[in-house]
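Protein chains in written order, with the numbering used here: chain A, 717 to 1007; chain F, 507 to 890. Everything below concerns the one structure shown next.
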Ligand SMILES: Cc1ncc(C[n+]2csc(CCOP(=O)(O)OP(=O)(O)O)c2C)c(N)n1
Ligand code: SF4
Ligand SMILES: [Mg+2]
């Protein structure tokens, strides 16, 4: 199935993202998918800056900037008020970074998911705290460099599996996406928008300065993340029904990793270790999808 | 209609009569029965509101900040550790200029654990930009919740209604409950002047540079000063509609008093009796009750204390390394008066220790007998 990408633009020039910012592209596609009748709830993250300094805004939809760890709670409150006003048409979208989702905001996210509050939570994942200058988060990949995990002591722990955490909440809909597959991303947002209850979209968003990549490589790297099985595209309905959306064809993680300065300190052996972990995780996921 | 209500039930009745639309709260002793009461009222459809059962106080306030942004009338309640956990969001609510109303049951903060009455929880939130109103009895609690919405919705500053742990929260008193229809006339449905609206998209709370930020703060301070006038007008209107008014302060037998006792919360009620008895003995003592702590009613306090030689402040709180918080507030207020009374600051009643009539008598006698206090703080009611 092919979906036309809607022509309408809700994100305008003058925004403050770096060239090649995956987070900016993710927002642009998301707004195209969801249309103008949305309220964006924005916890502290790079997007707090990208959206534009006072008194400007780079989005044509209303934005509520909120404290870092409050995405889940604020989304619930906005939705509750709309319901009290009889407004069933406006979609509430929480738009948070990986830090605001995997780490400091996990509690309020879990609260909203467990209550099955009716809004869409999008985590754009650039795999570190970029707003504050590339510190590690629990979404940072194994052995990656960040400013708090220097090359001689890179991240020792694997990336937290946020999708499994969300699936364990048995929410109606959770999906992964990337900007390299915009039709897939848009379809998933639209499916989320037509589903009642709590929806979670996890979108990988390359960050050129943070990942130490050339800005023009953001989309290529997003594609390689999927093709190398590092970031599988899949959906989980009701926490149980797993659907794989893309069947990768034999691309190794090496190809993904070599393009990125944040991995430049890795030895052959370490890359092999990452490959092993990726294969293991892929097989685990395939099993859940019945493959 | 008169009913026997605990302070917490009075809060819930106030919220019911004010027709809050989104409520979010998290249980903590001694606030818990407020949450339970409101959850029940919503479940039974008596109060038509969304009740969000959040996973923390931080989320309680965060969620009603979201709801208030969209233009709903909102409510939350907490106490002590819960209020401390909310701290960041207290700033966020005030900075967002949202007319949120919250009840805080004054309880001691840990460590060590203590669930009893103490004002340090709310007073240590004094610089967050919330109006703070301290109540003396359960009638005042109910009336103040209703007034709080009217004040908040006019000046766009959130209001904290404060009541003493157990002495009010869990103590039953007869309370006159206003007729719903009358309250609706006094406090009509809330229509937000500014709100987050898809048909008129704006961006709220985005990054503000040094060129603008200071003016945002100036406007909050300006609104706080306005709030003094608004609160008086609301109280007068309330008195006209329901026959009860309170004022930001209440002076009692102050005119000819040589010593004036300054109190807040339930210590005020206890002091009323003590002062009556001391007056019978010929002691020229008066009482100043402070209801409004933020904005601080500076002019009214000066006026009330003008004739006195000495002022004895009872502080059920402490700012470590400094002193009692009301005491310091009073000293700062009096500093530019030509003829200043001597201020005695008594710290007592912490963590729920009783402030009894005999302790209050001792405090007044000490003030009468001494030219000046022995130090910045006089610790009263210490274990022998
Ligand atoms: C309570 C609190 N702690 C810390 C911060 C500072 N802070 C702002 S954004 C941010 C990192 C955001 O990381 P993420 O959510 O991954 O978004 P990104 O900036 O990477 O887009 C931090 C640490 C804050 N605003 N609030
Ligand atoms: S630092 Fe990274 S995430 Fe932030 S704006 Fe720049 S490219 Fe985007
Ligand atoms: Mg990030």
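Backbone N, C-alpha and C fix where the C-beta goes; we use that ideal spot for every residue, glycine too. Since we're looking at a predicted model, the values are computed, not measured.
Using three-state DSSP, classify residue i as helix, strand or coil.
| i | result |
| --- | --- |
| residue 552/F | coil |
| residue 861/F | coil |
| residue 633/F | helix |
| residue 728/A | coil |
| residue 582/F | strand |
| residue 809/F | helix |
| residue 995/A | helix |
| residue 775/A | strand |
| residue 730/F | helix |
| residue 983/A | coil |
| residue 849/F | strand |
| residue 619/F | coil |
| residue 851/A | strand |
| residue 845/A | strand |
Which one of the options has the shortest CA to CA distance from residue i?
| i | options | result |
| --- | --- | --- |
| residue 998/A | 752/A, 985/A, 822/A, 959/A | 959/A |
| residue 949/A | 928/A, 892/A, 990/A, 975/A | 892/A |
| residue 838/A | 756/A, 810/A, 980/A, 803/A | 810/A |
| residue 804/A | 899/A, 755/A, 968/A | 755/A |
| residue 599/F | 633/F, 649/F, 783/F, 750/F | 633/F |
| residue 699/F | 848/F, 577/F, 550/F | 577/F |
| residue 669/F | 516/F, 550/F, 694/F | 516/F |
| residue 723/A | 905/A, 745/A, 976/A | 745/A |
| residue 704/F | 738/A, 729/A, 824/A, 794/A | 794/A |
| residue 1004/A | 992/A, 868/A, 951/A | 951/A |
| residue 596/F | 619/F, 614/F, 627/F, 620/F | 627/F |
| residue 649/F | 635/F, 520/F, 829/F | 520/F |
| residue 511/F | 673/F, 616/F, 813/F | 673/F |
| residue 514/F | 553/F, 639/F, 647/F | 647/F |
Bridge partners for residue i per DSSP, in chain order?
| i | result |
| --- | --- |
| residue 687/F | Beta-bridge pairing links residue 687/F to no other residue. |
| residue 958/A | 952/A |
| residue 666/F | 608/F, 638/F |
| residue 758/F | 793/F |
| residue 918/A | 839/A, 892/A |
| residue 680/F | 510/F |
| residue 754/A | 807/A |
| residue 558/F | 530/F |
| residue 767/F | 793/F, 818/F |
| residue 798/F | 639/F |
| residue 861/A | BP columns for residue 861/A are empty, so no partner. |
| residue 782/A | 759/A |
| residue 813/A | 840/A |
| residue 976/A | None, per the DSSP bridge assignment. |
| residue 897/A | Looking at the DSSP assignment, residue 897/A forms no beta bridge with any residue, so it has no partner. |
| residue 884/F | 852/F |
| residue 709/F | 779/A |
| residue 829/F | 825/F |
Would you check if the distance between the CB atom of residue i and the CB atom of residue j is smaller than 8 Å?
| i | j | result |
| --- | --- | --- |
| residue 850/F | residue 818/F | yes |
| residue 544/F | residue 773/A | no |
| residue 777/A | residue 752/A | yes |
| residue 871/F | residue 775/F | no |
| residue 812/A | residue 821/A | yes |
| residue 671/F | residue 777/F | no |
| residue 856/A | residue 862/A | yes |
| residue 679/F | residue 754/F | no |
| residue 611/F | residue 637/F | no |
| residue 592/F | residue 567/F | yes |
| residue 608/F | residue 590/F | no |
| residue 920/A | residue 841/A | yes |
Please list, in chain order, all residues of the same chain as residue i whose beta carbon is under 7 Å from its beta carbon, the five residues on each side excluded.
| i | result |
| --- | --- |
| residue 694/A | Outside the modelled stretch of chain A, which goes from 717 to 1007, sits residue 694/A, for which no answer is possible. |
| residue 909/A | 750, 807, 836 |
| residue 523/F | 652, 684, 686, 689 |
| residue 844/A | 850, 851, 852, 853, 856, 862, 926 |
Does the beta carbon of residue i fall short of 7 Å from some heavy atom of ligand 5?
| i | result |
| --- | --- |
| residue 787/A | No copy of ligand 5 occurs in the structure displayed; its ligands are ligand 1, ligand 2 and ligand 3 alone. |
CB-CB under 6 Å to residue i, same chain, minus the five flanking residues each way: which ones, in chain order?
| i | result |
| --- | --- |
| residue 874/A | 858 |
| residue 915/A | 836, 889, 908 |
| residue 579/F | 526, 527, 696 |
| residue 625/F | 612, 822, 823 |
| residue 793/F | 758, 767, 777, 781 |
| residue 798/A | 806 |
So that I know if they touch, is there some Cβ in chain C lying closer than 8 Å to that of residue i?
| i | result |
| --- | --- |
| residue 906/A | Of the chains in the structure shown, none is chain C; the protein chains are A and F. |
Near residue i, what residues of its chain come up, given a Cβ to Cβ distance below 8 Å and the 5 sequence neighbours on each side ignored?
| i | result |
| --- | --- |
| residue 808/F | 839, 840, 843 |
| residue 861/F | 773, 776, 820, 822, 854, 855, 887 |
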